[in-house]
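Undergrad: Before we start, here is the structure in question, set down as structure tokens.
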Amino acid sequence: MAALRVVLDTNVLLSSIAYPDSIPGKILTAWRRGSVAVLLSDYILEELRRVLPKLAQGMVVLSAPGGLQFGLPLAPATRDQSL
-16 MAALRVVLDT
-6 NVLLSSIAYP
4 DSIPGKILTA
14 WRRGSVAVLL
24 SDYILEELRR
34 VLPKLAQGMV
44 VLSAPGGLQF
54 GLPLAPATRD
64 QSL
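Going by the working numbering, the first residue of the sequence shown is number -16, and it counts up by one from there.
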């Protein structure tokens, strides 16, 4: 069976990182385990790139010179409406 696909916005992603025991944190854990496929748009990724450095003071930032690095699979970008 295919993994459940979900779209997470920036606030949910940030909450999942900041509060791993929260509902968003549990979604992140499910993503890491492969039981959920998270779909992120270019807009959401760009917003994360803008917001994470602002929140970096006192926090571990999950970024690298090449871009965001969650160590998690990202679905390819597509405009296919059947997905």
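For glycine and all other residues, C-beta sits at the position ideal for the given N, C-alpha and C.
1) By Cβ distance below 8 angstroms, which residues in the same chain neighbour Val(-11) in space, the five residues on each side in sequence not counted?
2) Does any residue of chain C have a CB that is nearer than 8 angstroms to the CB of Ile27?
3) Can you give me the start and stop residues for the alpha helix (DSSP H) that Ala103 sits inside?
4) What whole-angstrom Cβ distance do Pro3 and Val(-5) have, given they're in contact under 8 angstroms?
5) DSSP beta-bridge partners for Leu31?
6) To the nearest angstrom, how far is the alpha carbon of Val43 from that of Lys37?
TA: With the structure as the only source:
1) Hits under 8 angstroms: Ile10, Val19, Ala20, Val21 and Leu22.
2) Absent here is chain C; the protein component of the structure consists of one chain.
3) The structure shown does not extend to residue 103, since the chain is modelled only from -16 through 66, so no value can be given for it.
4) The Cβ separation is near 13 angstroms, so there is no contact.
5) Its beta-bridge partners do not exist; DSSP assigns none.
6) Caution is warranted here: a pLDDT of 46 is assigned to Val43, below 50, making its placement in the model unreliable, and the coordinate value is therefore given only provisionally. Going by the C-alpha atoms only, they are around 12 angstroms apart.
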